[in-house]
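Written out below as structure tokens is the structure these notes cover.
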Amino acid sequence: MGSRRQFIASLLAASALPTLSWADAGNPRYLAAAREPGGGYALFGLSVAGRDTFRVPLPARGHAAAGHPHQPLAVAFARRPGTYALVIDCADGRVLHQLDLPEGRRFNGHGAFSAAGDVLYTSEIVAGSGRGLIGQWDTTRGFRRIGEFASHGIGPHEIARLPGSEDLVVANGGIHTALNDERSKLNLDTMQPNLSYVSAGGRLLEQVTLAADLHRNSIRHLALRADGLVAFAMQSEDPAALAPPLLGLHRRGAPPVLATAPEAQQTRMKGYAGSIAFSGDGAHIALTSPHGSVVCVFEAAGQFVGMLNRADVSGVGPATGGFLTTDGLGGLCRIKGGALSPLVAAPRAWDNHLVTLPT
Amino acid sequence: MRHLFATLFALTSAAGPVAADLDRVVDAHILPGYAAFADTTATLARAAADGCDPDPLRAEWNAAFDAWMAVSHLRFGPVEEQGRSVIIAFWPDDKGMTPRSLARLVADRDPVVGDPEEFKEVSVAARGLFALEFLLYDPQFQPQDPYTCDLIRMATRDLAEIAAVVSEDWHGGFADTLRGAGAPGNAVYLSENEGLQVLFTNLVAGLEFTANERLGRPLGSFDRPRPNRAEARRSARSLRNVTLSVQALQQLVDTLVDVPLPETDAAFDGAAWAAAALDDPSFAGVSDPGDRLKVEILQQSIKAIEVAVLAEVGPALGVSKGFNAGDGD
């Protein structure tokens with residue numbers, strides 16, 4: 001029988017001891033949620049070659065996930081506005097924790113870890129107003145909620161940590177979504193999305209907004225390059241817009257640069273980018289449009305490269321020499337050398353995102 | 001025709017193989033449809049090259065539009081490359097971009113009409129069938145004005161070129177890609193199911209477009225009908241386009257599916273009756289409560305086709321609506 005102090009020390013040691021790594025989960029490179037043929041949902045780990053490394057059932061339709069930088073832990077988020085996020089041990093499939101939100105909060109689909117992995121940040125909204133919050137969770141103490149701060153916008157969606165920094169970048173989509181089954185959008189006439197940089201303590205460092213005529217371009221998803229270049233993907237809520245820009249590029253302190261394909265081709269995106277990623281070498285950016293069944297590829301400086309076809313394509317992540325995509329037909333496809341070629345056809349419908357794990 | 005085969009296939013398909021025929025939908029529906037669109041647009045371009053007397057041009061333009069309606073629901077493969085389908089049929093146009101773009105070309109006497117390659121850089125709003133409708137029907141434009149005539153000639157030539165490429169690309173390769181869905185090495189359709197899926201998705205999207213856009217736009221709301229939003233109202237083709245689109249979608253089902261579809265057949269028949277009962281070519285009557293009802297009935301009859309198709313055709317093909325495609329997040 002030891003003192004209370006010893007007891008706490010041994011607890012901390014215990015939580016630090018099991019230094020499992022991603023190798024214990026089969027070395028997945030990616031995470032992706034899917035609907036399975038029986039109608040259930042699961043989270044999968046995928047290898048570089050697109051093969052399953054693990055499968056963990058989910059209680060409801062998933063959206064995205066966040067992978068811990070070192071330990072084989074994934075946090076799976078429900079489709080927004082969601083009430084659950086599960087911390088999953090990807091080595092054995094156990095659900096280690098369920099994140100419990102304070103009253104009146106909803107998860108909004110995405111999250112990110114601090115560099116050391118000790119804090120998880122989650123994009124959230126205040127039910128009723130849509131006001132955005134970033135929730136903070138202590139991963140070393142059972143993913144206990146330790147705080148929250150403003151996202152500095154309405155309806156934050158994806159958040160990411162800047163490389164080599166503890167600062168976060170937040171895509172505040174600007175849309176106030178009703179918490180009903182239809183997910184009605186309540187403020188399309190007045191929506192004002194932004195890209196906000198915030199410190200780990202919640203201080204607003206920089207905020208980027210678009211020209212007034214693009215106030216209906218919801219900034220939703222992010223891809224970051226090691227040098228700090230932020231690429232953001234948008235979804236237009238202006239049904240009369242013919243070919244709205246869907247890709248933005250931003251560096252701290254500089255104005256944003258918007259990029260589009262030539263008008264006729266840009267219309268194929270249907271005003272909607274589902275996911276965004278840099279290529280493995282950082283030289284290109286891919287945007288998917290499941291609505292148009294196309295992947296649009298740009299150079300990292302914004303020049304249009306080309307469009308590739310794949311039905312219901314939505315998830316995209318970096319791969320050696322290009323990209324990997326996932327789609328609602330179960331396909332995993334490689335984009336390399338300007339061509340899209342199938343790698344695997346899995347018996348499941350891949351959900352919106354392909355999440356890349358830290359390497 | 002389908003029902004002759006139906007009982008035979010019902011016997012063989014019970015164990016699960018799909019009751020569908022990709023070869024037949026390619027040979028009897030898609031390829032002839034695109035060939036006719038290429039032919040009619042080529043005829044239109046030749047007629048424009050001969051002169052810009054509006055009457056004969058309107059006749060050829062209507063023939064080309066009829067041919068487009070037979071394939072307008074097919075939104076995959078060559079017709080989507082380079083955004084061709086949007087160039088062919090730029091509608092709806094809530095911001096009035098088509099008349100504005102055309103008026104600017106005419107006012108500037110923009111020399112772009114003299115160079116086929118440069119014309120490809122013109123906004124999609126000033127190209128294709130709907131730009132030509134404005135030029136041939138709207139009093140704002142005089143087809144016989146020399147510049148406008150040049151613009152008509154270039155727009156018809158541009159349209160015919162696009163239609164020819166789409167038809168050639170289908171005949172020259174994409175037809176085999178769809179037929180060979182699931183064959184080893186087919187990088188577009190990884191299974192037969194994926195080939196069926198794209199057709200089913202286009203079938204459902206085609207029904208929804210006709211119900212929600214072609215009919216829903218002019219209907220607006222009871223308190224605020226929007227007759228000026230009817231598709232191709234200047235040429236009084238609005239109802240005709242609805243009728244032809246439903247016929248085309250029925251032909252897609254007939255050529256694709258090999259099992260009896262009693263609810264779907266009945267629903268298509270119902271829509272054909274509702275369309276035939278309507279004597280309102282441009283849906284101008286949506287502002288009149290009595291005439292409006294008939295347009296609403298037509299819209300409901302097309303929504304009923306979608307319900308039947310989801311219940312009968314989807315299961316027969318072993319497919320359902322896309323997972324992410326109709327979704328947003």
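These protein sequence lines map, in sequence, to chains Y and X. Each residue of the first sequence is one higher than the one before, starting from 1 at the first, in our numbering. Each residue of the second sequence is one higher than the one before, starting from 1 at the first, in our numbering. Glycine is no exception: its CB is placed at the ideal position from the N, C-alpha and C atoms.
Contact with chain Y is absent for A164 (chain X), since none of that chain's Cβ atoms lies less than 7 Å from the residue's Cβ. Contact between the stretch 85-102 of chain X and the stretch 275-290 of chain X is absent: fewer than 3 CB-CB pairs across the two stretches fall below 8 Å. Residue range M97 to D108 is occupied by the alpha helix (DSSP H) that includes D108 (chain X), with no beta strand (DSSP E) assigned at that position. Using a Cβ distance threshold of 7 Å, E124 (chain Y) and F107 (chain Y) count as a contacting pair. By the criterion of a C-beta distance shorter than 6 Å, L215 (chain X) is surrounded in its chain by Q299, once the five residues flanking it on both sides are discounted. The Cβ of G328 (chain Y) sits closer than 7 Å to at least one Cβ of chain X. According to the DSSP assignment, S199 (chain Y) belongs to no beta strand (DSSP E), since it is labelled neither H nor E. Nearest to L129 (chain X) by C-alpha distance, out of X:G185, X:S72 and X:E306, is X:S72. For D53 (chain X), no beta strand (DSSP E) segment is defined, and its DSSP state is neither H nor E. Restricting attention to Y:A241, Y:K270, Y:H284 and Y:D118, the CA atom closest to the CA of V294 (chain Y) is found in Y:K270. Nearest neighbour of A42 (chain Y) by Cα position, chosen from Y:P358, Y:F54, Y:L188 and Y:P318, turns out to be Y:F54. Residue environment: F222 (chain X) is assigned as exposed (fewer than 16 neighbouring CB atoms within 10 Å of its CB, all protein chains considered). Here DSSP, grouped into helix, strand and coil, assigns F54 (chain Y) to strand.
Rounded to whole angstroms, D110 (chain X) and Y147 (chain X) show a C-alpha spacing of 9 Å.
Taking a Cβ-Cβ threshold of 9 Å, the residues of chain X close to S341 (chain Y) are A187, in chain order. A Cβ of chain Y is located within less than 7 Å of the beta carbon of E194 (chain X). Of all residues in the stretch 58-83 of chain Y, the ones placed with a Cβ closer than 8 Å to any Cβ belonging to chain X are H63, R79 and R80, in chain order.
Following the DSSP letters along the chain, one finds D327 (chain Y) inside the beta strand (DSSP E) bounded by residues G322 to D327. Put simply, the CB of E263 (chain Y) is near chain X, with a gap under 7 Å to one of its CB atoms. Secondary structure note for S245 (chain X): its alpha helix (DSSP H) is the uninterrupted segment S238 to L256. For the pair of segments examined, the stretch 166-186 of chain X was found not to touch the stretch 311-331 of chain Y: the number of CB pairs separated by less than 8 Å stays below three. For the pair A131 (chain X) and A125 (chain X), the Cα-to-Cα distance works out to about 7 Å. Using a Cβ-Cβ cut-off of 7 Å, K95 (chain X) counts as an interface residue toward chain Y, since at least one Cβ of chain Y sits closer than that to its own. Ranked by Cα distance from Q207 (chain Y), the first of Y:G253, Y:D118 and Y:I335 is Y:G253. Between the stretch 229-240 of chain X and the stretch 203-218 of chain X there are three or more inter-stretch CB-CB distances shorter than 8 Å, so the stretches are counted as touching. At a cut-off of 7 Å, the C-beta of A349 (chain Y) has a neighbouring C-beta in chain X.
Taking the C-beta atoms as reference points, G77 (chain X) is found no nearer than 7 Å to Q265 (chain Y). Contact note: E80 (chain X) reaches chain Y through R268, using a C-beta cutoff of 7 Å and chain order.
Beta-bridge partners of W350 (chain Y) (DSSP): Y:A34. Put simply, the backbone Cα of P281 (chain X) is about 16 Å away from that of A211 (chain X). Taking the C-beta atoms as reference points, Q250 (chain X) is found no nearer than 7 Å to H29 (chain X). Interface flag for A112 (chain Y) against chain X is unset, since no Cβ pair is found closer than 7 Å. For M154 (chain X), the enclosing alpha helix (DSSP H) begins and ends at P146 to D169.
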